[in-house]
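Start counting the sequence shown at 41; every next residue gets the next number (this note's numbering).
We treat Cβ as the ideally placed atom computed from N, Cα and C, and that holds for glycine.
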Amino acid sequence: MRKKYRKSDQYYIDQHDRMTIESLKKIDLSLAAAQKKLAKTKSEEDLSTVMQLRLKFLDNGVISSRIKRETLQRWISRDERKDDLIARYPVPPEPYCNRCRKLMAFEDYDFTDEDTMIRFFFSCGKGKRHNKLLYADGREYRPPAKYCPYCNGEIKSTTSKEAYKIICLDSCMTCTWTSEMVLDVSPQKKQRIKPVDEAERKKYCTDFVGRQTFLEDLKRIAEMSKYIDIKQKLEPIEKLKLPQVEERLKKVIEAKKYNKLQFSEVKVTGHLSVQFSVEDHTDRDSEKSIKALKKIMTDELFPTNWRLSPPTISCRLGFLTGQLKGFDLEEDLKRISEEIKAKKT
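Below you can see the structure in the form of structure tokens.
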């Protein structure tokens, strides 16, 4: 049966959450120890340690939550590329061992170049020197020559085994440079992967979804404080609804012998505009009637969110018409507040 790398979506979710839980639990344990120490010492140094660990716990949890989707997709895409390569390139015919001439058996796949190239691992079972790595077209992989980082001389590589260690030694053939790498090959007890503890998943993963880092919270608080300061500096505005405007204007204009205030043609755009009409029951000429009504309405509406709009008021035979505008958008209210404040100063 052909090997398959792509797992269920839940497999990748659990894998990511296990890594996150393990990382945050270490910080959590360090934090608990630091808090215990602080309770005894009460020192500024220990308080600083506690605060730093708290910030680290918060920020690491938030960042892990944010990159989770991207990380899962990267893992899934990686394994899907591997499955695609396996499907496209069949295992090459079994080769013969270069040392003992025994027919070799396919052991496993090997992927290079960010999992965009596949190679096939064969072995005759007689140790590392008897292994072989083939490309999909049957060519044998040859490790590139290595050169000394100091004199650029050719490097000779040897391996030896001691108990449960494999020692890989690189030696320059020209100078005295050497590099040794020791691999631990002691038998490892295979550990059963336990299901993710849902209480831990909630504490270390789910609870961080949608949260902000410490610096982001500080920035948001600063912006809110700035907004509150601006709001506090603005002059208060009487926010009137249309019926309240009508009631308020009727009182002041009737005191000056204007009657029958009526509203019509209400339009809603970025603001509310409404046509009005009123009758002058005095012997004032048109110019004086317009001037008096304009002053009355302008003064009465000034501390409110309503304004008399151009082309101001017209009058014919004692019948006056005009237009009012009502505002409720933040930028308009701010402008009106500044007008009120400027007049007071």
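Using a Cβ distance threshold of 8 Å, Ile67 and Lys96 count as a contacting pair.
Counting along the chain, Gln92 sits inside the alpha helix (DSSP H) bounded by residues 84-128.
With respect to the 8 Å criterion, Lys205 and Val225 are classified as neighbours on the basis of their beta carbons. Between the stretch 312-330 and the stretch 250-257, the count of Cβ pairs shorter than 8 Å is below three; the stretches do not touch. In the DSSP assignment, Asp224 falls within the beta strand (DSSP E) that extends over 218-224.
In the structure shown, Ala145 adopts extended strand secondary structure according to DSSP, grouped into three states.
Taking the Cα of Glu220 as reference, the smallest distance to any Cα among Pro227, Glu154, Thr214, Ile207 is reached at Ile207. With a minimum length of 3 residues, the unbroken runs of beta strand (DSSP E) contained wholly in the stretch 281-334 fall at 298-308, 312-320. Partner residues in the beta bridge of Ile207, as assigned by DSSP, are Ser200, Val222. The beta carbon of Arg139 lies closer than 7 Å to those of Arg169, His170 in the same chain, with the five residues before and after it left out. In the DSSP assignment, Ile353 falls within the beta strand (DSSP E) that extends over 346-356. In terms of CA proximity to Met157, Leu125 leads the group Gly310, Cys164, Leu125, Lys201.
Within the DSSP secondary-structure output, Arg139 pairs in no beta bridge. DSSP, read as helix, strand or coil, puts Ile277 in coil. Ranked by Cα distance from Leu93, the options Leu71, Thr81, Arg106, Leu112 are led by Leu71.
Contact between Asp150 and Phe162 is ruled out by a C-beta separation of about 11 Å, above the 8 Å threshold. Excluding residues up to 5 positions away in sequence, Leu301 lie with their Cβ nearer than 7 Å to the Cβ of Lys290 in the same chain. Glu180 sits in a strand when the DSSP states are folded into three classes. About 7 Å separates the beta carbons of Ile61 and Cys245, which is inside the 8 Å limit, making them a contact pair.
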